[in-house]
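Novice: Protein chains in written order, with UniProt numbering: chain G, 1 to 389; chain W, 1 to 462; chain P, 1 to 104. We put the CB at the ideal spot given by N, CA and C, even for glycine.
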Amino acid sequence: MNERADVIVIGGGIVGTTTAFFLRRRKRSVILLERGLTGQQASGVNFGGVRRQGRALEQLAMSNRALQTWRRSRELLGEDVEFLPSGHTRVCYHAHDAEYFHRYAADARAYDLDLEVLEGAAMFERFPFLGRDVIAASISPLDGHANPRLAAPAFGRAAARLGARVVENTEVVRVEKEAGGFCVESAAGDVYRAEQVLICAGAWANTLSTQFGEPVPLVARGPQMAVTEPVPYVFKASMGVYTSIKEESVYFRQVERGNIVLGGGPPGPADADTRRASVLAENTVAQLAQFRRMVPAMRPLHVIRVWSGVESYLPDSEPVIGPSSKADGLFYAFGFSGSGFQIGPGVGETLAELLDAGSTPIDLSSFSIRRFQRASLTHAQSLTSETSP
Amino acid sequence: MAATVIVIGAGPAGVRAAQALVEAGLRPVVIDEGRRDGGQIYRRQPEGFKRTYETLYGTEAARARALHDAFDALRPKIDYVPDTLVWNIEPNALHTVSGTRHRKLAFDALIICSGATDRLMPVPGWHHAGAYSLGGAQVALKSQGCAIGSRVVMMGTGPLLYLVAAQYVKAGATVSAVLDTSTFAQRLRALPQLLAIPSALRKGVALMRVLKDARVPVHRGITPVEIRGTPEHGVQGVRVRQADGAMLQVGCDAVALGYHLRPETQLADLAGCEFRFDQALQQWLPIADVDGRSNVKGIYLAGDGARVRGADAAERAGRLAALAALKDIGMTCSEDEANKLRLQLNRFTRFASGLRTAFPWPARFAAALPDETIVCRCEAITAGDLRRVVNDMGAKEANRAKAFSRVGMGRCQGRFCAHAGAEVIAAEARVPLEAVGRLRGQAPVKPLPMALAPHKDLETSE
Amino acid sequence: MSGRFVRVAEKGRRTFEIVIDGKRALAAEGDTLMVALLTSQEALRDSEFGDGRRAGFCVMGACQDCWVWTANGERVRACTTQAAEGMSIVTRLAEAQEGVWPRL
């Protein structure tokens, strides 16, 4: 089977499906190739936080774009992906983290991110359920959370309704540059051609970028997720601990049905080749202790399930977004390091703009794949362990 | 240094496995969720209760007593850990919780004897208060001396339908009707296989006599239509279509529902065991050889938790699995005994197959369920919700359908909705049941308290 | 006694008091909490999703339908928990006088 379109998108997660969606709105033809089913990997197993707060300042422009899409998601998609504008709150236990909250709030204002930092009595009045070890809370009122199991598939279906060719159960084995564009071959021997290709294949992008001489040090890790039984909907919040101590960095969100989604702490093992990731029992036990500290009222509740998945991380915890350094017409968006869900639609919208119009006002330079090609790689390690929304 | 062998489950399979291990000179750990041993079928009543074994276990009184006596004799020779749930398994170690106390236990060999629960096909109204599983109705009587209601209807199919009805009658409870979806013709067809265990067949006939003498209406070949009830008061009656097409209404305040049993395979799943779709049973079962070896070295599966063949088979399978484990760790065992057990188990396998022919799982009901029928009790998800995700979202596989519809996301984690849910998906997607796949198992096996903390006396990391 | 479950055997056991939705009720030695509740009333809880009252299902700790709230805001699975003197259970959470959970 031979097919042709303006753009081939490789990878059907939140980035791929939203890029296809926005490309169709720009009337560009697009073929989306997904090895399994849309949104099955990192996009479907993550925490579901829709937060701008806490992102590197360079991400905020796309993150703001994304929020607009999340807020209009029901209208855009014709279905409900359960976006709840609950606000997003970071809390901390240590004085230097509280100081950072104030600094970040000041810096973020320039990027239209308005945060409110509360401490002491005012904080406990707003959030009476917080454990008494918490010393400060930074609130982003317009942020929230959504259902990661529904979102990317919904964008994929919306893209298909707009005319995108969404091809699931199709593994890409080769991408080759040829005259006029690219030739993409599937495991089944189908050939797809396009002028432009976007590789947003998450933990598997490195295999393809390596084919073009652009390997990146991508590492697969498994988020340690859990969910409680449904209980009265009282927290109405998405909250996480901001800290440099990995074990402390837990986060939760309560959905309207009452379940509380839990996550955080050190990641677990994940294998991109087998597509398997697991939650270590020890991590669950440790996580629960941290939740009792953060919100003592959770103590009587019960976890009914844990899960993990394959997320991929880059050493500086920032993604690769933008044009290939080796091949004209090739673009990348992957390595979101546990923070790709919220920003996904903003990245998709920006990439659609870039691919269609040839440029975007959004500055993507800090996300360039070139940064992994310098002679001596300095790993800009993030000082925080805030790995997830 | 002696091998550490852990047995999960102190029912017929687990007790006989532990016994074989003790006879070989080992001191196994026996972990059980319950307060007392016996599993479900031979569940022991609370201390201080006075009913005799004959009252509690009827024709199985001698077997029950033998099993309980055997366990009592074993107790000083094993590490018995009751009131304890195994909630996760990793290579060569398992995680338990007792109350809120977490412990991690290492093992060289693990024999999983996790037993079974009832297999359920939804019917409109089965979510009403007063609807119970057949096994649940039996436990209420056996373990607590209670009938689940003052006028009880038993509905479904399988030998348990008649056994529980007869037990209720003998205990003086009111059984308003026994409604069997299977026909007499199906029972006749199964006769050759059922003759594999002649005593069982005789017992079945005796049960029918008890019901006849008590004038309990028994209807066969029925199709459940509705369990009538109200949100506040629960069950008020049952409506079924009879074999001749006529509607039948039976007033009642409780319904006991069930269609045979389904193995509790979550622990086998967490232990990494591979599953295979069994065409005859139309279920996914963990792979095990004739002796109970799974595909994972050191993991053995025995009893109804691996494959439902009844308590007598479970005792033999438990012993056989222990012998296999002993052999695999280099201890000599009687191959003669193992052969004898294998032959006996073959008869039970044939009998179980006969039961399925006599009392088939009514897969065809799934496609006919009205859209408003709740399929997932925990999350109140209906057949219509499930069909919607198949049709509108292309979800033709169990985990995908779960992600979109929430079927299987509730507290029971698919125990009571997975089979019927898969049948609904298969019918709507027009694919074979096998193609729907099975729900991915995840820890914890049952709800895990957020108050979970390490056991004070023990290190949790090994 | 307008309960759901009917005692047909082991009658005459020593009884003790529990509290259900603020009202005193009698349980018998050896009762599970499920039996203690359902011999006094028809249900254990409300379904979270609006389909009405629930009274358990499998009676053997598998279905998880019988989890109830204690007046102290704890969770117990009624069919596998022994009833004990003084237990106070809330089966109508929405109507409980004071906040049962969360305890702040």
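Grab me the residues of G/Y251's own chain with a C-beta within less than 8 Å of its C-beta, minus the 5 sequence neighbours each way, in chain order.
Specialist: F47, G49, S238, M239, G240, V241, L262, G263, G264, S388 and P389
Novice: In angstroms with no decimal places, state the Cα-to-Cα distance between P/S40 and G/V234.
Specialist: Their Cα atoms are separated by approximately 31 Å.
Novice: Measure the C-alpha to C-alpha separation of W/A317 and W/K396 and round it to an integer number of angstroms.
Specialist: 36 Å
Novice: Under a CB-based cut-off of 9 Å, is P/K11 close to chain W?
Specialist: yes
Novice: Out of curiosity, what's the CA-to-CA distance linking W/N339 and W/A73?
Specialist: 26 Å
Novice: Please report how far the alpha carbon of G/Q254 lies from the alpha carbon of G/R149, in whole angstroms.
Specialist: 15 Å
Novice: Give a yes or no on contact between the stretch 5 to 14 of chain P and the stretch 79 to 91 of chain P, applying the rule of three or more CB pairs nearer than 8 Å.
Specialist: no
Novice: For a minimum of 4 consecutive residues, which ranges assigned as the alpha helix (DSSP H) are wholly contained in the stretch 244 to 270 of chain W?
Specialist: 266 to 270
Novice: Using a 10 Å radius around the Cβ and a threshold of 16 neighbouring Cβ atoms, would you call G/M225 buried or exposed?
Specialist: buried
Novice: Measuring alpha carbon to alpha carbon, tell me which residue in W/L326, W/I329, W/A321 and W/G303 is nearest W/G11.
Specialist: It is W/G303.
Novice: Flag G/L37 as yes if its beta-carbon sits less than 9 Å from any beta-carbon of chain W, otherwise no.
Specialist: yes
Novice: Interface residues of chain W around P/G86 at Cβ under 7 Å?
Specialist: Against P/G86, chain W offers no close residue; the least beta-carbon distance is about 18 Å (beta-carbon pairs closer than 7 Å).
Novice: Under a CB-based cut-off of 9 Å, is W/A451 close to chain G?
Specialist: yes
Novice: Using DSSP with H/G/I as helix, E/B as strand and the rest coil, what is G/I369?
Specialist: helix
Novice: On the criterion of 16 or more Cβ atoms from any shown chain inside 10 Å, does G/T274 qualify as buried, or is it exposed?
Specialist: Exposed, by the Cβ-count rule.
Novice: Could you say which of G/T38, G/D114, G/A297 and G/G340 lies nearest to G/T170 if we only look at CA atoms?
Specialist: G/T38
Novice: Using C-beta distances below 7 Å, list every residue in its chain close to W/A2, excluding the 5 sequence neighbours before and after it, in chain order.
Specialist: L26
Novice: Could you work out which residues of chain W lie near G/L33, taking near to mean beta carbons separated by less than 9 Å?
Specialist: Within 9 Å Cβ-Cβ: nothing; G/L33 doesn't reach chain W, min ~16 Å.
Novice: Determine, using beta-carbon pairs with one atom in the stretch 349 to 368 of chain W and one in the stretch 170 to 185 of chain W, whether at least three such pairs fall under 8 Å.
Specialist: yes
Novice: Please confirm whether W/V255 and W/W87 have their CB atoms less than 9 Å apart.
Specialist: Not closer than 9 Å, so no.
Novice: Report buried or exposed for G/H88, applying the criterion of at least 16 other Cβ atoms within 10 angstroms of its Cβ.
Specialist: Burial call: buried.
Novice: Can you name the start and end residues of the alpha helix (DSSP H) that G/G240 belongs to?
Specialist: For G/G240, there is no enclosing alpha helix (DSSP H); the residue is part of the beta strand (DSSP E) that begins and ends at S238 to V241.
Novice: Run down chain G in chain order and give the residues with a C-beta less than 7 Å from the C-beta of W/Q413.
Specialist: I304 and R305
Novice: So if I threshold CB-CB distances at 9 Å, which residues from the stretch 36 to 56 of chain P count as touching chain G?
Specialist: E48 and F49
Novice: Quick one: does the C-beta of G/S278 sit closer than 8 Å to a heavy atom of the ligand NAP?
Specialist: The ligand NAP is absent from the structure shown, which contains no ligands of any kind.
Novice: By the 10 Å Cβ neighbour count, where 16 or more other Cβ atoms means buried, how is G/V81 classified, buried or exposed?
Specialist: buried
Novice: With a threshold of 16 other CB atoms inside 10 Å of the CB of G/V7, please say whether the residue is buried or exposed.
Specialist: buried
Novice: Looking at the secondary structure, which residues open and close the beta strand (DSSP E) in which W/I299 lies?
Specialist: I299 to L301
Novice: List the residues of chain P that W/A166 touches, going by C-beta distances under 8 Å, in chain order.
Specialist: Chain P residues near W/A166: none, gap ~14 Å exceeds 8 Å.
Novice: Hey, how far is the Cα of G/S385 from the Cα of G/P319?
Specialist: Residue confidence is low: G/S385 scores 42 on pLDDT, short of 50, so the model does not pin down where it sits. Its coordinate-derived value is still stated next. Cα-Cα distance, rounded: 16 Å.
Novice: Do W/L211 and W/A178 come within 9 Å of each other at the CB atom, strictly closer than that value?
Specialist: The question names Ala, but residue 178 of chain W in the sequence shown is Val. Closer than 9 Å, so yes.
Novice: Assign W/M247 to one of two classes, buried (16 or more other C-beta atoms within 10 Å of its C-beta) or exposed (fewer than that).
Specialist: exposed
Novice: Is W/S461 close to chain G, meaning its C-beta is less than 9 Å from at least one C-beta of that chain?
Specialist: The pLDDT assigned to W/S461 is 41, lower than 50, so where the model puts this residue is not dependable; a value taken from the coordinates is nonetheless given after this. With 9 Å as the cut-off, W/S461 counts as an interface residue toward chain G.
Novice: Can you tell me whether G/G265 is helix, strand or coil according to DSSP?
Specialist: coil
Novice: Can you give me, in chain order, the residues of the stretch 281 to 315 of chain G that have a beta carbon less than 8 Å from any beta carbon in chain W?
Specialist: A281, E282, T284, V285, L288, A289, F291, R292, M298, R299, P300, L301, H302, V303, I304, R305, V306 and W307
Novice: Around the Cβ of G/Q355, are there at least 16 other Cβ atoms within 10 angstroms (buried) or fewer (exposed)?
Specialist: The amino acid at residue 355 of chain G is misidentified as Gln; the sequence shows Leu. Burial call: buried.
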